[in-house]
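Have a look at the structure below before the remarks.
Number of protein chains: 2
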Amino acid sequence: MRSHSSALSFPLLLRRRLLTTATHFHKPTAKMANVSDNSLRESLAEKISTIQTQGNVVRQLKASGAAKLEIETAVQALNALKLERSSIEAQIQAASGDSSASRDAFRQAVVNTLERRLFYIPSFKIYRGVAGLYDYGPPGCAVKSNVLAFWRQHFVLEENMLEVDCPCVTPEVVLKASGHVDKFTDLMVKDEKTGTCYRADHLLKDYCKEKLEKDLSMTAEKAADLKHVLAMLDDLTAEQLGAKIKEYGITAPDTKNPLSDPYPFNLMFQTSIGPSGISPGYMRPETAQGIFVNFKDLYYYNGNKLPFAAAQIGQAFRNEVIAPRQGLLRVREFTLAEIEHFVDPQDKSHPKFSEVANLEFLMFPRELQMSGQSAKKLQIGEAVSKGIVNNETLGYFIGRVYLFLTELGIDKQRLRFRQHLANEMAHYAADCWDAEIESSYGWIECVGIADRSAYDLRAHSDKSGVSLVAQEKYSEPREVEVTNNNTVNFTTLRFNTPVKYILDCGCKIVAALKLIVAPVKKELGLAFKGNQKIIVEALEAMDEKEAMEMKAALELKGEVEFLVCNLGKTVTIKKNMVSISKEKKKEHQRVFTPSVIEPSFGIGRIIYCLYEHSFYTRPSKTSDEQLNVFRFPPRVAPIKCTVFPLVQNEQYENVAKLISKSLTVAGVSHKIDITGTSIGKRYARTDELGVPFAITVDKTTSVTIRDRDSKNQVRVDVEKVASVVKEVTDGFKTWADILNEYEIHTSESADD
Amino acid sequence: MRSHSSALSFPLLLRRRLLTTATHFHKPTAKMANVSDNSLRESLAEKISTIQTQGNVVRQLKASGAAKLEIETAVQALNALKLERSSIEAQIQAASGDSSASRDAFRQAVVNTLERRLFYIPSFKIYRGVAGLYDYGPPGCAVKSNVLAFWRQHFVLEENMLEVDCPCVTPEVVLKASGHVDKFTDLMVKDEKTGTCYRADHLLKDYCKEKLEKDLSMTAEKAADLKHVLAMLDDLTAEQLGAKIKEYGITAPDTKNPLSDPYPFNLMFQTSIGPSGISPGYMRPETAQGIFVNFKDLYYYNGNKLPFAAAQIGQAFRNEVIAPRQGLLRVREFTLAEIEHFVDPQDKSHPKFSEVANLEFLMFPRELQMSGQSAKKLQIGEAVSKGIVNNETLGYFIGRVYLFLTELGIDKQRLRFRQHLANEMAHYAADCWDAEIESSYGWIECVGIADRSAYDLRAHSDKSGVSLVAQEKYSEPREVEVTNNNTVNFTTLRFNTPVKYILDCGCKIVAALKLIVAPVKKELGLAFKGNQKIIVEALEAMDEKEAMEMKAALELKGEVEFLVCNLGKTVTIKKNMVSISKEKKKEHQRVFTPSVIEPSFGIGRIIYCLYEHSFYTRPSKTSDEQLNVFRFPPRVAPIKCTVFPLVQNEQYENVAKLISKSLTVAGVSHKIDITGTSIGKRYARTDELGVPFAITVDKTTSVTIRDRDSKNQVRVDVEKVASVVKEVTDGFKTWADILNEYEIHTSESADD
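Here the protein sequences line up with chains G and F, keeping their order. So the first sequence is numbered by the UniProt record's numbering: it starts at 1 and just counts up by one. So the second sequence is numbered by the UniProt record's numbering: it starts at 1 and just counts up by one.
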C-alpha cells in the first residue's frame, strides 16, 4: 500500500509507477492458477507431440538401416526431449492450486542452487546481513551485466535512444515536485513497548486470512466482513486501518503488546547534502526524474524534434518497512532500466509499429479482468486497432518488451501483459500495461509500460519555473482563436500574457477564452449622447461571462437590455453598437508539453524470474541424485564455455591453454578446468552454472564441443574451435547449424 | 586532508585509498612543470621527425612521377601531421609554467565543447543544480559505458576475475571495521554568524598563497613561515590548524565574520536503514569493502585456491564540504572500478609477469622524488628486479594499468606512475603507486595501485569474529615450532588455544613463543631430597622471560642460580635437572591471512583526462573559426560512425537507411543525418563528438568512408560498408589496412 487517498488521485499513479520494482503481488486467484496451469499444460502438449515426431524419426532411421552415429544422435535428442517433458510435468505438479508445498520445494531447489553457486549472496553476511540487501556473486553479476548489455542493444542502440546517467543523490526539491516527498509512504504501526515497526496493512491482512482459515465457528456475517476488508485493503485510509486494528484487537505479532495508530513512513532513504545539514536529499526511488529534469537539453540535443526517447540504467533505493519473505523480489536497493519516450500528444503513431504488429501473446485487458475471464492470446496490432491498447507507441513498446523478455529466456507461456484497472491508474494516465511473469510466488510485475501523458514534465515545469515544452513549426502561419487550450505555451501563459488560467490539481491548464469587446463609439454617441462615455466604460468593464451573454443575445435577438450602474438605469444596446469577438492571432508554431510513454524495467525481478524459468533437473547416470541445470540462452549465460582436458596430461593441458587464449582474443568468456575430476562431474558442475558449451580436449589436433541441453557433441579442429563457439554464442549460428556443419561425436565415457 | 593523526597511522592509508577518486592534487612544482614540458617537447620532436619523413615521401613521389591519387593521399597525410604538430605546440604553450592563462583557455575550450554537446550536464540544472553532482548526457554516457566495457574485457575477462555487485547502502558496522566511521573526515570551520562551512586547510592555504604573491613588503622570516605552513598543510592537527587561523586572523571569505575552531566532518552520506531509526547506515565511500566481507565465499568459489582477484564496478559517494573549482574531478558521487587481488604473502610472484616485463614508461620512484629529480622511463621488469617496485604482482598490475590507459587514448607522455613516499603510506602497506595523468589541472591521481598487506581482511575478521583466511595444504606434514607467527590461524588463535597474542594497533598479531618447561624429577630428587616438590613447582611457575633466561644460561654455563621463594633461598639448577624447549607440533597445512593488492580506478577522472588528451582544434577551410575534434579511439568513441546522404535525394536517403539497418545488425552504434546541411558542417558536427568514421552516400552502389583525423576517404560497396566499419571499430583492422585494401577517394567538395 503506497497511498491512502482517494482512488483517482495522483499518488495512485505514483504507486503504480513504483510497483515496478518492489511491492505488490497479485493475490493468486483460482483464475490465475488456472491460467498458469493451462499454459504449462499447453507446453506439455507441444512437448509430447515433438516427442512423438522425434520417436518416428528414430524408428524410421532404424528401419532404413541408417548409420549408427545418426541413430545415436537422434536417440540422444529424443532422450533430451523426454527429460524436458518430466521437468514440465514436475512444474505442473508444483504449480497446481493445491500443491503450494511443491511450489515451495521447487523454489527452494532453485534458491539453494543460486546461493550455493554464488549467483547471489545476502549482503554483509559475516555481520549477519541486512534484510533486503543482496550481492550479486560472480555468475549473478555476469548474468546481470549480460541482461543489461542486451537491454542496451535492444532498446538504446536499435531505437537510437539518448542514454543518460544521473546521480543517485537527489535534492529534496526534485522529489517534492515529483510528489515522492509527500506521498511515497507506507502506513506503519509501532509496538508501543519495544518500538518494533510493522506495516499496518500486512498485520490486518494476516489477521483476516488466519481468522478465515482457522476460526471455523465464525458466523457467515463475520466472514463476509473479513473478506470485504481483504478486498478493500489497498484503499483503506490511515484512520480506517487504525479503526479495524482496534476493532479486531490486533496486537504486535512477536510480543502481543498494543500497537500505535497507523502513521505514514516515507520509503526514501533520507540524507543531507553538504556539511551544513540544511540541504536535505534522498537516494532516488527511481531513475526517471533525472530524465525529466533534463528534458530541455535532450530535446535540443535531438535537434528540437519529437518523438525521441531517453533511457537510463541505474540504482534505485527504497527503505522498506520490513523486508518480507519474497527474497530477491522485494529489496531495498535495485537496478532499474527506464525509458521515457517523449511524443506529441496529438500524434502517438509509431513509424516502426508494423514491425511488431503481428506478434501474438497473452494479454489481459481490463475487460477480461473485470468479467472474471482469463488472459488470452491477442495480436498486438489488433489490440491497438480495436482500441484495447490506447495507441501505437504504447503498443510498439509492449511488443518490444515481449521480444526482449522472450529472447532473454522468459517462457512465453508464463508471460502476460496485464492492463491496469481504471482505479489503478492516475486520472492523467492514458493507459498502463504491466509485463507480468509467473514464478513460484505467483504473477510478478516486472516491467511497467505506462502512457503518463504530460504529467511529469508539467510538475517539474511548475516547480522550477523553467518551461519544458516542444514546438511544432507550421509551414504556413495559422490563424487561431485564443481559447481553451491544453497545449498552450506554459511560460507565456504564466508570465507574459493576461490570459486567465486555472491550475487544476496542479496539472491541468485551462486557458479561458480571450474576448475583445469593442464599443462602436459613433453609434453609442448617436443613441445616448452625453452618456456615451459612461456606457463605453461599462461595456469595456464587462467580465467574460457578461460579455459572452451579451454576444449571444445580440446574435440571437439583435439587441439586449444592459444595466449601467453608473447611470443607475438600463439601456438598450443594439448589434451595431458593440463588437464582441474572440481574439485571433497568427501562430507560426504550436507549443505544447509532450506526453511521455514510460517502459520501466525491474532488472532484479526479471533476472529472478529468468532463473526460475531456466531451471530444471535431470537424473544422473551414475548416481540417484538429480542434477541441476540452468538452460540460459548463450547471450545470458554467465560463462559461455568451459575448456576441459579429458584426462590430466601435459599435452592436453597445453592444448586447453591454447584454446583458452584464442577464446580470450575472441572475447568469449570461459573457464578452464584442469583438475582430475571425472568429465561427467565437470559437466554437471558447469551445467549448474548454465554454461551452454563445453570444449573437451581428447586429442591434440581436434576437440569436441558439447551442448548443455541436448548433450550432443561435435568434433572441431583446435584452430577453429574458438570461432565456432563465438559464432554460436553471438547468435550468428544456432546449435542446429553446428550439428549440420561438423562431425557428430559420440562417446561412451562422456556424460554423467 | 583526510586525517589528522600521526603520519604512520591507519587513516593515512585510508586517505590514500580514497584519494583515487576525489581529493588531493599535487601542487604543480617547477619540477613537475618541467616533466610535462619535457614530455610534450619529446612528442613534438617525434612529430617533426615524422613530418620530415613524410615530406621526403611526397617529394620522391612527385619526382618519380607517381599517380596523382597517390601523391594526393601522401599530401593529405602530411597535412594531418602538420595539424597535429600545431596542436602539440599549442599544448606546450598552454602547459608552460607562466601561461596558466592559456591552460585555463585550453580547459575552457574543452569544457565548453563537452557541455554544449552534452557529454555532461550539471545535475538538476533546472533547479539551479547541486555542486559536485553531474549527469552524463548521451555521448558522455556512451563513452563511460565503452570505458567500463573495455575495463571488463581488459581486467575481468582476461584475468578471469570474480566480479561482484554489492549495494551502496552499507550498515555502520562494516564501515566501523574499515575505519571510515571514525577517521574518514575533513576538518571544517564554520562562519560563526551565517553557519557557512569551509575546509580549514583550504582557507589556510589560500591565505598563505595570497600573502606570498601579493604582500611584497613581507619579511623573509615571515615568508619562510608561510612556506613552511604550506609544506606541512596535510600534516597539521585540528589544534594546529585552528591556532594558525587565529594567528593569521583569517575570517570567512564571503562575510569576513569570525570562524569557529576546526572540527572533523565525516564525509560519508549518512542515512538510516529500516523504519525504526536505530540502524544507521551510509552510502559506501568505496566499493572495496563489499569484496572484503565476501572473501570467504569468493575463496570457496575459486576452489579454495590463491591467488585470485575479485572486481567491482559501482557508485561511491563522498559528501564533500564544498565542491571546489576542479569540476568533474571532484564530485560527490562517482563510479569506481576496484580490483582486490588476494595473494599468499610469502609468494607474490605473478605467472604472467613476463607478458608486461618489457613495457617501458614514465615512473617516479620515491628516491627520485626525494632527491628532487623528475620521473624517468623505466622498464617495469627492471623496476621489479631492482626492488624499486616491491613485488611481481604489484608490477604486473602497474603494467596492465599502463596498457589499459594508453589503449583508451591517454597520452603516454602525460602518464606517469608515482610511488608513495614513506609518510604517505600506512605502516602495514608494502608499496603503493599511483597512475597520475597530466591535465590542465596538473598531475591527477586516477588509479591507485597498492599492496595493502593483510590489513583489510584482518580488520573485518576481528570485528565480525569470522575468520577470513586461506590454507596451504602441505604434501607432507611439517614439524614447526609454535613461535612468532604472523600467519597463524586467527580463529584458532583467539578461541581454541592458550597461545598468547597481542593485537597491535588492531592489526598485527604477535604470537609469543610457547615454551615447555619439564623438570627432571629424578635428578631434582637426588639433589634436593625433600625440597624436590617445592623446586619442581617453582620451575614450572616460571614465566616466559625467566624460563628463556634459564635456558640460555644452562646452554652457556651448564648451571644457574635459582631463587625459590617458598624455600627462602637460592639453589643451583644444573642442565640435567630441567628441560626447557619450544613446543613443536606437526602441521598439515599453513593457515594465513592473504595479502591484497588493490588497483582502484576513478572512472570519472580517467574519462575527464581522456577528454583533455583527445581534444584538438583545426582551422576550418571555409571560415576563420577553429573546429573542435575529439580524437577518441574507436573503442571509446560514443558513436562509431555517421551516415550522410551527400545531397537531399530520396535514392540516397534509401541507401543511407539500408546502411543504417546493416550497421544496427552488426551492432555498430551510429547516427544517420539526412538534413540538407553542407557535408562539411555535418563532418564538423560529428568530429566534435569524436565520431571516428563517416559514411557519405554519393552513389547508390558504392559509398565513401571518411576517417576523422586524417580526413582520408576510401570507396566501398554498399553491401560491404557495415562490415568494413565493424572491422575497424572492433580493432581487427586499422585505418591503414583499410587504406591499403580499398580505393582511395579524393573529393573536391568534401571537407570543410
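Even glycine gets a Cβ: it sits at the ideal position worked out from N, Cα and C.
*Compute the beta-carbon to beta-carbon distance between alanine 429/G and aspartate 451/G, rounded to the nearest angstrom, for a pair I have assumed lies under 8 angstroms.*
Between the beta-carbon of alanine 429/G and that of aspartate 451/G there is about 6 angstroms, and that keeps the pair under the 8 angstroms contact cut.
_Looking only at its chain, what residues have a beta carbon closer than 7 angstroms to the beta carbon of threonine 746/G, apart from the 5 residues adjacent to it on each side?_
Leu69, Glu72
*Cutoff 8 angstroms; reference tyrosine 652/F; Cβ partners in own chain excluding five residues on either side*: Pro645, Leu646, Val697, Asp698, Thr700
_Beta-carbon gap between valine 143/G and phenylalanine 732/G smaller than 9 angstroms_ = no
*Where does histidine 670/G fall in DSSP's three states?*
strand
*Establish whether the CB of serine 678/G and some CB of chain F are separated by less than 9 angstroms.*
no
_Please confirm whether tyrosine 134/G has its beta-carbon closer than 9 angstroms to some beta-carbon of chain F._
yes
*Cβ of leucine 658/G within 9 angstroms of any chain F Cβ*: no
_Can you find the residues in the same chain that come closer than 8 angstroms, C-beta to C-beta, to proline 138/G, ignoring five residues on each side of it along the sequence?_
Leu118, Pro638
*Within 10 angstroms of the Cβ of cysteine 565/F, are there 16 or more other Cβ atoms? Answer buried if so, exposed if not.*
exposed
*Taking DSSP as the reference, what is the three-state secondary structure of phenylalanine 495/G?*
With a pLDDT of only 30 at phenylalanine 495/G, under 50, the local geometry of the prediction cannot be trusted, and no value is derived from it.
_Where glutamate 163/F falls: helix, strand or coil (DSSP)_ = strand
*If you compare alpha carbons, which of Asn654/G, Ala67/G, Leu40/G, Lys62/G is closest to isoleucine 744/G?*
Ala67/G
*For chain G, is any of its Cβ atoms less than 9 angstroms away from the one on histidine 297/F?*
Reading the sequence as shown, one finds aspartate at residue 297/F and not histidine. At least one C-beta of chain G is nearer than 9 angstroms to the C-beta of aspartate 297/F.
*asked:* Can you give me the C-alpha to C-alpha distance between alanine 375/G and arginine 418/G, rounded to a whole angstrom?
replied: 8 angstroms
*Could you check what DSSP says for glycine 281/G in three-state terms: helix, strand or coil?*
strand
*Which word fits proline 351/F, buried or exposed, when buried means at least 16 other C-beta atoms lie within 10 angstroms of its C-beta?*
exposed
*Just confirm the distance between the C-beta atoms of arginine 330/G and asparagine 319/G, as a whole number of angstroms; I'd bet it's less than 8 angstroms.*
Not a contact, Cβ separation roughly 12 angstroms.
*Roughly how many angstroms separate the alpha carbons of threonine 21/G and threonine 287/G, rounded to a whole number?*
Its pLDDT being 33, under 50, threonine 21/G is placed unreliably by the model, and nothing is read from it.
*Cβ of glycine 568/F within 9 angstroms of any chain B Cβ*: This model lacks chain B altogether, as its protein chains are G and F.
*Could you pull out every residue in the same chain whose Cβ sits closer than 6 angstroms to the Cβ of valine 156/F, ignoring the five residues on either side in sequence?*
Glu163, Ala311
_Output needed for isoleucine 607/F: all residues of its chain with C-beta closer than 7 angstroms, excluding positions within five of it in sequence on either side, in chain order._
Excluding sequence positions up to five before and after isoleucine 607/F, its CB lies within less than 7 angstroms of the CB of Val143, Lys144, Val147, all in the same chain and listed in chain order.
*If we count Cβ pairs, one from each stretch, closer than 8 angstroms, do we get three or more for the stretch 338 to 345 of chain F versus the stretch 376 to 385 of chain F?*
no
_Closest residue to glycine 442/F among Arg605/F, Ala220/F, Tyr616/F (Cα-Cα distance)_ = Arg605/F
_Endpoints, the alpha helix (DSSP H) within which aspartate 717/G is located_ = Run containing aspartate 717/G: none in the alpha helix (DSSP H); it sits in the beta strand (DSSP E), 713 to 717.
*For glycine 249/G, does the count of other Cβ atoms within 10 angstroms reach 16, so buried, or fall short, so exposed?*
exposed
*Status (buried if at least 16 other CB within 10 Å, exposed otherwise) for glutamate 688/G*: Burial check for glutamate 688/G: the Cβ neighbour count within 10 Å reaches 16 or more, so the residue is buried.
*Flag threonine 113/F as yes when its Cβ comes closer than 8 angstroms to any non-hydrogen atom of the ligand COA, and as no otherwise.*
Absence of the ligand COA from the depicted structure is noted, as is the absence of any ligand whatsoever, leaving it without description.
_I need the straight-line Cα distance from alanine 454/F to cysteine 432/F, nearest angstrom please._
A direct Cα-to-Cα measurement between alanine 454/F and cysteine 432/F gives close to 14 angstroms.
*Please list, in chain order, all residues of the same chain as serine 166/F whose beta carbon is under 6 angstroms from its beta carbon, the five residues on each side excluded.*
Serine is not the amino acid found at residue 166/F; the sequence shown has cysteine there. Hits under 6 angstroms: Gly290.
*Under 7 angstroms by beta carbon: chain F residues contacting leucine 204/G*: Result: empty, since nearest Cβ-Cβ is about 17 angstroms, beyond 7 angstroms.
_Quick test of your reading: lysine 711/F and alanine 80/F, contact by CB under 8 angstroms. State the CB separation rounded to the nearest angstrom._
7 angstroms
*What residues from chain G crowd round alanine 182/F, counting only those whose CB sits closer than 8 angstroms?*
Going by the sequence as given, residue 182/F is aspartate instead of alanine. Those within 8 angstroms of aspartate 182/F in chain G number zero; the least Cβ separation is about 17 angstroms.
*Is the Cβ of glutamine 315/G closer than 9 angstroms to any Cβ of chain F?*
yes
*Give the straight-line distance between the Cα atoms of glycine 242/G and glycine 667/G, rounded to the nearest whole angstrom.*
59 angstroms
*Count the other CB atoms within 10 Å of the CB of threonine 734/F; is the residue buried (16 or more) or exposed (fewer)?*
exposed
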